[in-house]
Structure formats: C-alpha cells, structure tokens
Amino acid sequence: MKSAKLLTAASIFAAAILGSIAIAVPTQDRAAQQEMQLPPGWTQQDVQNMMEAGTPGEHHEFLAAGEGTWEGKTTMWMYPGAEPIVSTATSTVKPIMDGRFVQVEWSGEMPGMGQYKGLGLYGYNNVTRQFEAAIVDNMGTTMGRGEGERSADGKSITWEYTYTCPITHKPTSMREVQTYNGEEMTLEMHGMDPKSGKEFKSMVIEMKRTGNAPARN
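Heads up: the sequence shown begins at 1 in our numbering, then just goes up one per residue.
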C-alpha cells in the first residue's frame with residue numbers, strides 16, 4: 001500500500017512537471033514535447049488537464065486586480081442588538097505565485113481589544129471551479145477555511161467560512177459578502193450567535209484603495 005501511494009504521488013508530481021514544461025514550450029515546439037514519455041497509463045489529455053488546472057484565468061485576474069493598499073473603517077457588533085464598535089482598518093493585497101493566489105494582510109485597532117492583525121490566502125481552484133480561502137489572525141488559534149462564489153454581475157464574492165466555535169466547541173460558519181465598486185470595497189460579515197444559533201450581521205468593513213494600483217473594471 002505504501003509503495004502504491006508513493007507511485008501515485010510520483011505520478012502526480014511528474015504530471016505537474018510535464019504540465020509546467022508544456023506551458024513554457026512555444027507552440028511550434030509542442031510536437032517534440034508530445035513525444036515525451038508519460039507515466040504508465042497517462043495520455044496527452046491527462047497532461048492537458050494538468051496544464052489547465054495550473055493556468056491562471058479570469059477569476060485569478062479578478063482577485064489580483066485588488067492589488068494595493070486599502071484604508072477605511074470597521075463597524076462591529078459583538079452580539080445581536082449590541083451597540084456598534086467603530087474603528088479604523090488597513091489592508092494590503094499582493095498577488096503571489098505568478099498570479100495564482102492573492103495574499104491579504106489587514107490590521108486595525110479594536111477598542112478594548114487592542115491591535116487586530118490578520119493574514120489571508122485567496123485563490124480560485126480550476127478543478128472544483130470555486131474560490132478558496134484560508135485565514136488566520138492574532139485573536140485566536142483557529143484557521144478559517146472558506147469557499148466562495150462570484151456573483152452573476154462579477155462584482156462580488158460570497159464566502160462561506162467554517163471553523164470551530166470557541167464557546168460551543170462545535171462546528172459553525174460565517175458568511176461574508178465582498179463587494180467591489182470601482183476603487184471602493186465593502187465586506188459584510190454575518191456570524192452565528194452561539195446562544196441563539198441564529199445568524200446576525202457581525203461586521204461591516206468599508207474601504208477605499210490608496211496608491212497607484214490599477215483600477216478595477
């Protein structure tokens with residue numbers, strides 16, 4: 001069984017290398033590339049599938065178009081009906097891995113809680129056809145994992161994050177709608193109240209891009 005797993009991993013690695021080579025080889029030289037020896041049982045279509053899985057597209061460009069520094073304010077509600085807590089926020093968006101993913105760092109001052117810092121990694125999975133995210137911050141030890149879907153007009157992404165609630169110690173979720181309007185961005189978050197089990201609007205972040213980053217279409 002161990003040998004089979006190693007063989008499978010080796011085959012996937014080999015296919016990934018073949019895919020990378022194929023992307024780099026000019027079209028006129030593809031004939032020579034097609035004669036390369038493939039892993040046992042693999043076809044040229046398998047290699048093509050690997051190439052397509054690793055090639056950035058329009059959804060990756062959509063994420064990367066947010067490159068730059070964003071500044072604004074955060075309005076937070078600790079529980080349903082609570083008085084809002086308002087603070088400032090800053091976010092830096094940077095494409096990485098040749099545009100395949102986007103790294104986002106954000107920070108702000110939470111009244112009564114100190115400085116807030118967070119780090120997120122965002123991308124679009126060509127295989128599952130879904131946006132994916134992983135986020136961490138300095139307020140907890142939980143990694144939030146999310147999947148997103150882009151709206152029909154292409155201006156927003158609705159994220160569904162899952163994590164373990166520190167109060168109930170049970171799986172829970174958070175819904176976030178990220179909307180772009182030119183050089184402005186709004187994030188509206190809806191969390192689950194651990195006592196009632198009902199969703200409520202927990203945070204709104206309103207930001208404007210600063211600097212010379214290109215405008216989003």
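Yeah, the Cβ is synthetic: ideal placement off N, Cα and C, and Gly gets one too.
Below 6 Å CB to CB, which residues in the same chain sit around E184 once its five sequence neighbours on both sides are set aside?
Around E184: K208.
Check: For K170, which option in I157, G148, D193, E188 has the closest C-alpha, if you only look at C-alpha atoms?
Finding: Between K170 and the set I157, G148, D193, E188, the nearest pair of CA atoms involves D193.
query = For A89 versus G72, is the C-beta spacing smaller than 8 Å?
reply = Closer than 8 Å, so yes.
**Prompt:** Which same chain residues, not among the five before or five after K117, have their C-beta less than 6 Å away from its C-beta?
**Reply:** Cβ neighbours of K117 beyond the five flanking positions: S107, N138.
Practice task
In the DSSP assignment, find the unbroken alpha helix (DSSP H) run with M51 in it and report its ends.
Solution key: Segment 44-53, the alpha helix (DSSP H) holding M51.
*Sequence-distant residues of its chain with Cβ nearer than 6 Å to I167 (five each side left out)*: Closer than 6 Å at the Cβ level, and outside the excluded window around I167, lie P194.
Spatial neighbours of Q103 in its chain, beta-carbon cut-off 7 Å, leaving aside the 5 residues before and after | Exclusion of the five residues before and after Q103 leaves K94, I96, L121 as the residues of its chain whose Cβ lies within less than 7 Å of its Cβ.
Notebook entry, point to check: How far does the alpha helix (DSSP H) with L63 in it reach, from first residue to last?
Noted result: Counting along the chain, L63 sits inside the alpha helix (DSSP H) bounded by residues 58-64.
**Asked** Tell me the DSSP bridge mates of T172?
**Response** For T172, which the question treats as bridged, DSSP gives the partners Y163.
Quiz item: Based on Cα-Cα distance, which residue from E147, T158, V136 lies nearest to Q130?
Solution: That would be E147, whose Cα lies nearest to the Cα of Q130.
Quiz item: In whole angstroms, what is the alpha-carbon distance linking G114 and T75?
Solution: Taking the straight line joining both Cα atoms gives about 15 Å.
>> Taking its Cβ as the centre, do 16 or more other Cβ atoms sit within 10 Å of P214, making it buried, or is it exposed?
In response: Summary for P214: the model assigns pLDDT 48, below 50, so the residue's position carries little reliability, and this model does not support an answer.
Check your understanding: Since N125 contacts E132 with CB under 8 Å, what's their CB separation in whole angstroms?
Key -> Going by Cβ atoms, the distance from N125 to E132 rounds to 5 Å, so yes, they are a contact pair.
Self-check item: Bridge partner(s) assigned by DSSP for L38
Solution: Beta-bridge pairing links L38 to no other residue.
Going by C-alpha to C-alpha distance, which of H59, E199, M110 sits closest to T128?
Looking from the CA of T128, the closest CA among H59, E199, M110 belongs to H59.
Beta carbon of T186 nearer than 8 Å to that of R175: No, Cβ-Cβ distance for T186 and R175 is not below 8 Å.
Local conformation of Y124 per DSSP, three classes: In the structure shown, Y124 adopts extended strand secondary structure according to DSSP, grouped into three states.
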